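Just below is one structure, and these are the notes that go with it.
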Amino acid sequence: MSDLPEDRPVAFAGGRAESFVDLLSLDEIEQNIFRGCCHAGAPLRAFGGQVAAQALIAAGRTVVSDRHVHSLHSYFLRPGRTTSPIIYLVDRVRDGRSFTTRRVVAVQNGETIFTLSASFKVPEETPEHRRAMPDVPRPEDLPDPYEGLPREARDHYEVSQTRLVMDLRFVPKDRDAPTHLTDGIPHQRVWMKAAEKLPDDPLLHVCAMAYMSDLTLAGTAAAPHITDPQNLQMASLDHAMWFHRPFRADEWLLFAQASPTAQDARGFAIGEFYDHEGVLVAHAVQEAVIRQH
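Our numbering applies: residue 5 is where the sequence shown begins, and numbers increase by one.
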C-alpha cells in the first residue's frame, strides 16, 4: 500500500489545500471506499487532474507496495463540484502473479462523474530503449512565467492553488509564443515540478504527475483555434498515461506536448515526460472538448 498518510483530514472543500499531499489525501470510510475533496478552481468546478490523481491514490491503497503503477485509462463523465466530497469506489478486478488491476468509480451527489482503470506491475530488469529528450533550455535558465504580470494579477497568482503546489517554466519557440506550430500542428514544452519536497512514496509521485498532466494538454490542442479566451469551452473527455521509469515529481520534469489533430469540437494531444537528465519517464494522451462560443 501507499505510505501516504491515511488520517490526514480532508477539510478544504471549495477552498485551498496547503500542500500537494493535501491535494491527494483521502479518508478511508470503509474497505474499498474512500472520500476526498477538491480545491477551488474554475467556478465551483473540480480540476480533473485532481480527481484522476485521487482516484489513482484510492486504487493504490488496495495494492501491495511492491507493485507500481504502469498505466491508467480514465473518462471524465460529468463536471465535479468543489462544494461537496467525492466518493471513490474501488473494484479489485484482478491480482495476478505480475500484474494487478483496479477499477475506480468516482461518485458525487449520487452520480458517477469519473471512471478510472489502473494497472500495477512487479518491476523487472529487461533490455530497453527510449527516445532522447528534445534539445531545450534548462528550467534554471528560464524565467518564472508570472514575474512580468501586472501587480494585481501577480498578487492573485501568488496566493493561488497552482502557485502553492506547482513550479512551471514555459519553453518558448520565441519570446512571445510558448505554444507554436511545427509541421502544421501545435507544440508546447513546459518544465514542471511540485513546489515542495514530497515524501519518498512512488505512488504519490505518480499521482502528482497525473495531476500535472491535466494542466496544459487541452490548451496545446486549443491554442491555434482560440479567438476569444473569455468564451472558450474546454473540458477533458478522457485521459490515459503510461509510466515507464521511476522519477520524482518534486524534481524538474519536461512535458513535451503536441496535438496531431483537432476536429468535431474535440482536440487530441500527446505528451512525453522527461526527467532533468533527459530520460523518458512517462507518456500522457488526452482528448478534450474544445468549443469557441
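Glycine is no exception: its CB is placed at the ideal position from the N, C-alpha and C atoms.
Note that this is a predicted model, so its numbers are computed, not measured.
Can you tell me whether residue i is helix, strand or coil according to DSSP?
i	result
glycine 114	coil
tyrosine 150	coil
threonine 224	helix
leucine 137	Here residue 137 is methionine; the residue named in the question, leucine, does not match the sequence. Note: methionine 137 maps to coil in three-state DSSP.
aspartate 31	strand
proline 203	coil
glycine 271	strand
serine 23	coil
serine 6	Note that serine 6 scores a pLDDT of 45, beneath 50, so its modelled location is shaky; the value from the coordinates is reported in the next line. Here serine 6 sits in coil by DSSP.
proline 264	strand
glutamate 276	strand
serine 240	strand
glutamate 144	helix
leucine 60	helix
valine 210	helix
proline 190	strand
valine 175	strand
histidine 287	strand
Identify the residues that DSSP records as bridge partners of residue i: which are they?
i	result
aspartate 99	Thr104
serine 75	Ser123, Trp246
tryptophan 256	The partner list for tryptophan 256 (beta bridge, DSSP) is empty, contrary to what the question assumes.
phenylalanine 51	Its beta-bridge partners do not exist; DSSP assigns none.
isoleucine 37	Glu34, Leu93
methionine 170	Ala198
Quick test of your reading: residue i and residue j, contact by CB under 8 angstroms. State the CB separation rounded to the nearest angstrom.
i	j	result
alanine 212	alanine 239	Not really, about 22 angstroms apart at Cβ, beyond 8 angstroms.
glutamine 296	isoleucine 189	So it is not a contact: roughly 18 angstroms between Cβ atoms.
arginine 49	threonine 86	7 angstroms
serine 23	glutamate 200	6 angstroms
aspartate 218	glycine 53	3 angstroms
valine 68	isoleucine 90	The Cβ separation is near 25 angstroms, so there is no contact.
methionine 196	leucine 257	6 angstroms
proline 149	arginine 173	7 angstroms
glycine 275	phenylalanine 251	Going by Cβ atoms, the distance from glycine 275 to phenylalanine 251 rounds to 14 angstroms, so no, they are not a contact pair.
Any beta carbon of chain B sitting closer than 8 angstroms to that of residue i?
i	result
alanine 225	The displayed structure is made up of one protein chain only, and chain B is not part of it.
(request) Count the C-beta pairs between the stretch 224–232 and the stretch 260–273 that are closer than 8 angstroms, then say yes if the count reaches three, no if not. (result) Cβ pair count under 8 angstroms is three or more, so yes.
(request) Indicate whether the contact test is met: 3 or more Cβ pairs, each with one atom in the stretch 89–99 and one in the stretch 140–151, closer than 8 angstroms. (result) Below 8 angstroms, too few C-beta pairs join the stretch 89–99 and the stretch 140–151 to call them touching: fewer than three.
(message) Three or more C-beta pairs under 8 angstroms: does that hold for the stretch 122–133 against the stretch 64–78?
(response) Yes: at least three Cβ pairs fall under 8 angstroms.
(request) Taking 8 angstroms as the threshold, find out whether the stretch 273–288 comes into contact with the stretch 241–248 through three or more Cβ pairs. (result) Yes, the stretch 273–288 is in contact with the stretch 241–248.
(message) Counting beta carbon pairs with one atom in the stretch 107–121 and one in the stretch 267–282, are three or more of them shorter than 8 angstroms?
(response) Short answer: they don't touch.
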